[in-house]
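Residue numbers (the working numbering): 180 to 520. Note that beta-carbon positions come from the ideal geometry of N, C-alpha and C, so glycine has one too. Given the structure is predicted, the values throughout are model-derived calculations rather than measurements. Taking it in order: structure first as structure tokens, then the write-up.
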Amino acid sequence: MNLLRKLLFPFAILYGLITSIRNFLFDKYILKSYSFDLPVIAVGNLSVGGTGKTPQIEYLIRLLSDKYKIATLSRGYKRKSKGFILAEANANAATIGDEPFQFFQKFPSIQVAVDADRKNGIEQLLSQTEKPEIILLDDAFQHRKVKAGFYILLTSYGDLYSDDFILPTGNLRESRSGAARANIIVVTKCPFNLSLEEQDDIKKRLNLSKNQELYFTFIAYDDFIYGENRKIKVDEIQYFAKVLVAGIAKPEPFFSYLQNPNDVCLSFPDHHNFTDKDILEIKNLAQNNIIITTEKDFVRLRGSVPNEQLFYLPIQSSFVSGSEYFDKTIIDYVGTSTRNS
């Protein structure tokens, strides 16, 4: 913890008090939460960014979309629009945000919507002629105005919420006690060979309640990088000179997976809107070499960088073990909730 964050400790206490009072008012039904007659799954975290919400949402889409009509609802962080928008043919990263646009492009069979007011967003989705059967709320763990039927809380390996503190001294949006609302807790970005001993140690540190399930996932990188019109095996480009570009919260694993000594790595803030100056720098550094970026950044860079040079590396969330139990818990909730509705 750096000195500035230590000096801001009184503000962290004040912020923690405010969020605790807010949660207390919702818990005691003094502030109203709204429920809906369909399965609503909220995926979120206690900390600020970087826990892998997008791969987790995509995992749920793959799990459920063959059998159910799915809609995702996000706030559309850093979009240049307001209010409710249901993604259509003219959607782009500027109008709905980079992550929702990624969902829209990858999963054409689902509905993708954005609205900072999740209650209004759900009501708008349910007013459509084609109504969803399941709604996945992206980054909505603190959005207490909507009471989801099921909560999945993510926390990063090596940066567990149990070891963190409230903003601005730490990175938590609310007290660690907020984890009690979760049905499932997923420790993300683990080593793929995480030992049972370390899993047990993390479980003790998180101090789960008896009705909560715990899972461990790792980031699985694709064997190919993908451009507009072609793909190349990762093994084939390992020794090429290239420029690696990442506008994500924690880019180090992305860089280390692809990097060799001849590469240039450019790191930008999470959800960065690339300026003309940024684009010029990327082009000048790349010259005729290929440029590889994250899937999220690709949707914002496409059209600004020559198509023949620009590629992205897809990722997926994979379970260290127990994926069948995770899947069964989700499918059982959806099936029960659907029958009840």
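- Looking at F286 and S253, is the spacing between their C-beta atoms short of 9 Å? Residue 253 sits at position 74 when you count from the first residue of the sequence shown. Residue 286 sits at position 107 when you count from the first residue of the sequence shown. Contact: no.
- Where are the beta strand (DSSP E) runs, 3 residues long or more, that stay fully inside the stretch 391-416, in chain order? 392-400, 403-405, 410-412
- Message: On the DSSP bridge list, what partners appear for R481?
- Response: Translated into positions along the sequence shown, residue 481 becomes position 302. R481 is bridged to V484.
- Task: Could you check which residue in L186, D296, D338, S497 has the C-alpha nearest to that of R241?
- Result: By one-based count along the sequence shown, residue 241 stands at place 62. The option with the nearest alpha carbon to R241 is S497.
- Return the first residue and the last residue of the alpha helix (DSSP H) that G195 is part of. As a working note, residue 195 is residue 16 in the sequence shown. Note, G195: alpha helix (DSSP H), 188-206.
- Query: Is I289 closer than 9 Å to F215 when the C-beta atoms are compared?
  - Reply: Translated into positions along the sequence shown, residue 215 becomes position 36. Translated into positions along the sequence shown, residue 289 becomes position 110. Against a cut-off of 9 Å, the Cβ pair of I289 and F215 comes out as no contact.
- Message: Closer than 8 Å is the cut-off here; do at least three beta carbon pairs connect the stretch 190-206 with the stretch 345-364?
- Response: yes
- Query: Between the C-alpha atoms of I363 and D342, what's the straight-line distance to the nearest angstrom?
  - Reply: Residue mapping note: residue 363 aligns to position 184 of the sequence shown, counting from 1. Residue mapping note: residue 342 aligns to position 163 of the sequence shown, counting from 1. Their Cα atoms are separated by approximately 19 Å.
- Straight-line CA distance for Y436 to K246? Stepping through the sequence shown from its first residue, residue 436 is reached at position 257. Stepping through the sequence shown from its first residue, residue 246 is reached at position 67. Going from the Cα of Y436 to the Cα of K246 covers about 35 Å.
- What separation, rounded to the nearest whole angstrom, lies between the Cα atoms of D442 and A420? The residue you call residue 442 lines up with position 263 of the sequence shown. The residue you call residue 420 lines up with position 241 of the sequence shown. Straight-line Cα distance between these residues: approximately 5 Å.
- Inter-residue spacing [alpha-carbon to alpha-carbon] between K456 and I381: Counted from its first residue, the sequence shown places residue 456 at position 277. Counted from its first residue, the sequence shown places residue 381 at position 202. Spanning the two alpha carbons is a distance of roughly 44 Å.
- Query: Going by the CB atoms, is the gap between R258 and T233 shorter than 9 Å?
  - Reply: As a working note, residue 233 is residue 54 in the sequence shown. As a working note, residue 258 is residue 79 in the sequence shown. Not a contact, by the Cβ cut-off of 9 Å.
- Query: Among residues of its own chain, excluding the 5 on either side of K429, which ones have a beta-carbon nearer than 7 Å to its beta-carbon?
  - Reply: Position 250 of the sequence shown, counting from 1, holds the residue named residue 429. The answer, listed in chain order, is G229.
- Task: Leaving aside the five residues before and after K139 along the sequence, list all residues of the same chain whose C-beta is less than 6 Å from its C-beta, in chain order.
- Result: The chain is shown from 180 up to 520; residue 139 falls before or after that span and cannot be answered.
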